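In this text, residue positions in the sequence shown follow our numbering: the first is 1095, and each later residue adds one.
Ideal Cβ positions, reconstructed from N, Cα and C, are used throughout, including at glycine.
Note that the structure is a prediction, hence the values are computed from the model and not measured.
The structure appears below as structure tokens.
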Amino acid sequence: MSHQSVEEIKASAIQWIKEAGELIKSHMKKPYEVDTKQDRKDLVTEVDQKTEQFFIDKILTQYPDHQVLGEEGMGDEVQSLNGVVWIIDPIDGTMNFVHQERFFAISIGIYFDGIGEIGLIYDVMDDVLYEGVRGEGAFKNGKQLNPIDPDKHLEDALIGLNNSWAIPNRKLNEEKIHDLVRKVKGTRSYGSAALEFAFIAEGIIDAYITMRLAPWDIAAGMIIVNEVGGITTRVDGTDVNMLTGNTVICANKAIHHELLDFIETK
Ligand code: 2AM
Ligand code: CA
Ligand code: CA
Ligand code: CA
């Protein structure tokens, strides 16, 4: 994609993200419908759906030849990453949105022929926008983020983990997870995968590991983290796939390498 079209698409995306943020805030002032998906902990609201629809209308009006892959399924049934594909999570952290009315984000990754070009993560309530453009750096509210510390090791690391690690898991060697928790400096759990990636890019946490994420949870975050020297793979070290679910390790190279040894799948 040409530099000019990347800049133009990014400018449109940022404008729509800010508008969507206002839309979400206005919906929060009134009652809205909350539903469940796979189980009672897997929430979705009409605000998630309306926000996704807002993006689809905007994108397909301005860019009719682009595809949109969204969590709530209102976009295209994307079968291939050829051309321009917008991978959108309208509200990442729906549980936080419903219960805390903060700590959620809009996440948009824009891919061209399978390569991540533009990553945008917008913390709506704090009005903080994380941006990354492939080869051009990562930014927080317009201020360039420094490369993450390449020499930091697990002992000094704060790592993002979610509660599933505390529950017996048939896929993992639990002893090793206990060892990992003993070894690291601390663990954190924010409830928004997109924000965990943004926090790695910002250098306020050092890693994120999870056993199940969808493309829209990671599409933007991977691009942003990549721009500050972080890497993202599956827990077996292989590349993530933007058309399927993935396990995920994201960190600097040194910590990423150390984590691969701790996450032993059965
Ligand atoms: P969501 O709020 O968009 O659903 C919570 O720890 C993080 O995991 C959030 O980013 C959340 O995204 C995501 N998440 C929640 N349920 C999930 C599921 N069933 N599969 C994959 N990711 C999920
Ligand atoms: Ca969801
Ligand atoms: Ca999500
Ligand atoms: Ca979501």
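Tell me the rounded alpha-carbon separation between Asp-1245 and Lys-1234. Position 151 of the sequence shown, counting from 1, holds the residue named residue 1245. Position 140 of the sequence shown, counting from 1, holds the residue named residue 1234. So the two alpha carbons sit approximately 23 Å from each other.
Check each candidate in Leu-1353, Ala-1345, Asp-1142 and name the one with the smallest Cα separation from Asn-1190. Numbered from 1 along the sequence shown, position 96 holds the residue referred to as residue 1190. Checking every option, the nearest Cα to that of Asn-1190 belongs to Asp-1142.
DSSP on Arg-1134, reduced to helix/strand/coil? Locating residue 1134 in the sequence shown gives position 40, where the first residue counts as 1. Looking at Arg-1134 - three-state DSSP - the assignment turns out to be coil, as it is neither helix nor strand.
Just checking, does the region 1142-1159 make contact with the region 1275-1282 on the three C-beta pairs under 8 Å criterion? no
Give the residues whose C-beta lies closer than 5 Å to at least one heavy atom of ligand 3, in chain order. Asp-1183, Asp-1186, Asp-1311
With hydrogens ignored, establish whether the beta-carbon of Glu-1146 is closer than 7 Å to any heavy atom of ligand 2. Residue numbering aside, residue 1146 sits at position 52 when the sequence shown is read from its first letter. Answer for Glu-1146: no, Cβ out of range of ligand 2.
What is the DSSP secondary structure of Val-1162, reduced to helix, strand or coil? Residue 1162 sits at position 68 when you count from the first residue of the sequence shown. Val-1162 falls in the strand class under three-state DSSP.
Could you tell me which residues DSSP pairs with Thr-1341 in its beta bridges? Position 247 of the sequence shown, counted from the first residue, corresponds to residue 1341. According to DSSP, which records beta bridges pairwise, Thr-1341 is partnered with nothing at all.
Should Ile-1181 and Met-1336 be called a contact, given that it needs their Cβ atoms to be closer than 8 Å? Reading the sequence shown from its first residue, position 87 is the one you call residue 1181. Reading the sequence shown from its first residue, position 242 is the one you call residue 1336. For Ile-1181 and Met-1336, yes; Cβs fall inside 8 Å.
List, from N- to C-terminal side, the beta strand (DSSP E) runs of 3 residues or more that fit wholly inside the region 1285-1348. With a minimum length of 3 residues, the continuous beta strand (DSSP E) runs that stay inside the region 1285-1348 are 1301-1307, 1325-1327, 1340-1345.
Should Thr-1130 be listed as close to ligand 4, given that the test is whether its C-beta is under 7 Å from any heavy atom? Residue mapping note: residue 1130 aligns to position 36 of the sequence shown, counting from 1. No, since every heavy atom of ligand 4 falls outside the 7 Å radius drawn around the Cβ of Thr-1130.
Given 8 Å, three or more beta-carbon pairs between the region 1260-1279 and the region 1156-1167: Because the criterion of three Cβ pairs below 8 Å is not met, the region 1260-1279 and the region 1156-1167 do not touch.
Sequence-distant residues of the same chain with beta carbon closer than 6 Å to Gly-1208, five excluded per side: Position 114 of the sequence shown, counting from 1, holds the residue named residue 1208. Listed in chain order, the non-local C-beta contacts of Gly-1208 below 6 Å within the same chain comprise Leu-1175, local neighbours out to five positions each way being set aside.
Could you say if the region 1209-1220 and the region 1154-1163 meet the contact criterion of at least three C-beta pairs nearer than 8 Å? no
Extent of the continuous alpha helix (DSSP H) to which Ile-1200 belongs: Along the sequence shown, one-based indexing puts residue 1200 at 106. Note, Ile-1200: premise wrong, no alpha helix (DSSP H); beta strand (DSSP E) at 1199-1206.
Between Asp-1218 and ligand 2, is there a pair consisting of the residue's CB and a ligand heavy atom that are separated by less than 7 Å? To locate residue 1218, count along the sequence shown from 1; it is residue 124. In the sequence on display, residue 1218 carries Val and not Asp. Flag unset: Cβ of Val-1218 not near ligand 2.
Can you tell me whether Glu-1165 sits near ligand 2, meaning its C-beta is under 7 Å from at least one heavy atom of the ligand? Position 71 of the sequence shown holds residue 1165. Shortest gap from the CB of Glu-1165 to any heavy atom of ligand 2: under 7 Å.
Quick check: does the Cβ of Met-1189 come within less than 7 Å of any heavy atom belonging to ligand 1? By 1-based counting over the sequence shown, the position of residue 1189 is 95. At least one heavy atom of ligand 1 is nearer than 7 Å to the Cβ of Met-1189, so yes.
Please state if the CB of Pro-1309 and the CB of Leu-1137 are separated by a distance shorter than 8 Å. Working through the sequence shown from its first residue, we reach residue 1137 at position 43. Working through the sequence shown from its first residue, we reach residue 1309 at position 215. Contact: no.
Proximity test, Asp-1136 beta-carbon vs ligand 1 heavy atom, cut-off 7 Å: Translated into positions along the sequence shown, residue 1136 becomes position 42. Asp-1136 Cβ: within cutoff of ligand 1.
Alpha carbon to alpha carbon, how far is Asp-1300 from Lys-1104? Translated into the one-based positions of the sequence shown, residue 1300 becomes position 206. Translated into the one-based positions of the sequence shown, residue 1104 becomes position 10. Rounded to whole angstroms, Asp-1300 to Lys-1104 spans 27 Å at the Cα level.
Anyone know if the C-beta pair for Val-1322 and Ala-1232 falls short of 8 Å? As a first step, residue 1322 is located in the sequence shown; it is residue number 228 there, counting from the start. As a first step, residue 1232 is located in the sequence shown; it is residue number 138 there, counting from the start. Result yes, Cβ atoms of Val-1322 and Ala-1232 sit closer than 8 Å.
Reducing DSSP to helix, strand and coil, say where Gln-1238 ends up. Along the sequence shown, one-based indexing puts residue 1238 at 144. Strand at Gln-1238.
In whole angstroms, give me the CA-to-CA distance for Ile-1318 and Glu-1290. Your numbering for residue 1318 matches position 224 in the sequence shown. Your numbering for residue 1290 matches position 196 in the sequence shown. Straight-line Cα distance between these residues: approximately 11 Å.
Outcome for Glu-1352 when other beta-carbon atoms lying within 10 angstroms are tallied against a minimum of 16: Residue mapping note: residue 1352 aligns to position 258 of the sequence shown, counting from 1. Glu-1352 should be labelled buried.
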